[in-house]
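Just so it is clear: in the sequence shown, position 26 is 27 by my numbering, and no numbers are missing.
No residue lacks a Cβ here, since even glycine has one placed at the ideal position from N, Cα and C.
This report refers to the structure that appears directly beneath it.
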Amino acid sequence: MERIKDFLIINFGLILVALGIYFFKVPNHFAIGGVSGIAIIITNYFPSLSIGPLLYIINGILILLGFIFLGFKFTSKSIYSSIALSSMVWALETLLPIQGSLTSEPMLDLLFAVFLPGIGSAIVFSRRTSTGGTDILAKILNKYMRINIGKTLLISDLSITIIAGMTFGIRIGLFSILGLFIKGFMIDMVIESIYLNKQVVIVSDEVEHIKEFIIKTINRSATIHKAYGAYTGEEKEVITAILTRKQAAILKDFVKNIDPLAFVSIMNTSEIVGRGFRNVDL
Numbered sequence: 002m003e004r005i006k007d008f009l010i011i012n013f014g015l016i017l018v019a020l021g022i023y024f025f026k027v028p029n030h031f032a033i034g035g036v037s038g039i040a041i042i043i044t045n046y047f048p049s050l051s052i053g054p055l056l057y058i059i060n061g062i063l064i065l066l067g068f069i070f071l072g073f074k075f076t077s078k079s080i081y082s083s084i085a086l087s088s089m090v091w092a093l094e095t096l097l098p099i100q101g102s103l104t105s106e107p108m109l110d111l112l113f114a115v116f117l118p119g120i121g122s123a124i125v126f127s128r129r130t131s132t133g134g135t136d137i138l139a140k141i142l143n144k145y146m147r148i149n150i151g152k153t154l155l156i157s158d159l160s161i162t163i164i165a166g167m168t169f170g171i172r173i174g175l176f177s178i179l180g181l182f183i184k185g186f187m188i189d190m191v192i193e194s195i196y197l198n199k200q201v202v203i204v205s206d207e208v209e210h211i212k213e214f215i216i217k218t219i220n221r222s223a224t225i226h227k228a229y230g231a232y233t234g235e236e237k238e239v240i241t242a243i244l245t246r247k248q249a250a251i252l253k254d255f256v257k258n259i260d261p262l263a264f265v266s267i268m269n270t271s272e273i274v275g276r277g278f279r280n281v282d283l
């Protein structure tokens with residue numbers, strides 16, 4: 002069941018990426034990095050080529066390099082996403098041919114060219130895979146030249162947008178660079194939102210009741226430690242629990258009812274790994 006869920010979520014993310022590429026990047030020549038950016042530039046010099054087949058070819062070359070330099074284990078995670086994304090773009094080209102911008106508003110097109118692939122990529126990343134492409138190249142350089150993956154991706158994407166500016170003009174180049182930086186923030190923001198949890202810290206005289214509620218009703222665990230009040234010097238037990246947003250709201254209401262004088266602090270946290278959350282090896 003979990004594999005089916007992953008499959009459906011990954012495909013939903015890929016559909017968003019494909020829609021952003023075909024309907025908003027390609028008509029406006031927004032080469033915002035990645036394999037799609039390379040394909041958009043190539044089609045300018047070879048108009049008879051279409052984006053879908055080009056994505057197959059470029060991704061195929063990168064996957065082959067991945068097999069050679071990184072091995073099957075890493076590259077296999079990117080094979081399905083690369084092939085599926087290329088197929089989706091090709092299907093859109095075949096079924097819904099378009100001649101130009103959907104909105105005739107470059108800034109509006111840029112927003113959708115960034116938001117759709119950004120959200121889609123973040124959804125795919127959240128299922129512990131990637132859309133392939135330049136990620137494979139970044140991994141190769143990291144493995145053999147010890148170059149930081151983030152820096153490699155930034156340099157490669159910037160290079161693609163600069164070439165786009167030289168190919169399509171400074172206006173398109175500037176739009177592409179702007180889109181590149183917005184995309185980076187978008188992906189980080191969406192991934193953080195997907196993994197967002199709440200750290201709840203409670204100081205109360207009803208520790209036993211609260212602990213029992215967390216364990217038996219919410220089905221979570223908690224950490225309990227003793228602390229001293231700086232002003233009163235009074236010793237009390239403090240409960241710390243990591244919960245989902247819904248669980249945190251349920252616990253807050255329970256504490257409010259059982260001990261109106263309790264001190265409750267709730268903070269956002271998005272990097273929780275370990276038992277009950279994401280695997281430690283991520």
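Taking all protein chains shown into account, residue 2 has fewer than 16 neighbouring C-beta atoms within 10 Å of its C-beta and is therefore exposed. Of the residues 50, 145, 190 and 239, the one whose Cα lies closest to the Cα of residue 209 is 239.
Bridge pairing for residue 198: 270 [DSSP]. Excluding residues up to 5 positions away in sequence, 243, 244, 245, 246, 248, 249, 267, 268, 269 and 270 lie with their Cβ nearer than 8 Å to the Cβ of residue 199 in the same chain.
Bounds of the alpha helix (DSSP H) holding residue 210 are 208–213. Relative to the Cα of residue 251, the nearest Cα in the group 196, 221 and 182 belongs to 221.
Between residue 204 and residue 241, the beta carbon gap of about 10 Å keeps them out of contact (Cβ cut-off 8 Å). DSSP places residue 24 within a helical segment (H, G or I) once states are collapsed to three. The continuous alpha helix (DSSP H) containing residue 44 extends over residues 35–46.
Here residue 182 has no same chain residue with a Cβ atom under 6 Å from its own Cβ, once five neighbours each way along the sequence are excluded. Residue 111 carries a helical assignment under DSSP once its states are collapsed to helix, strand and coil.
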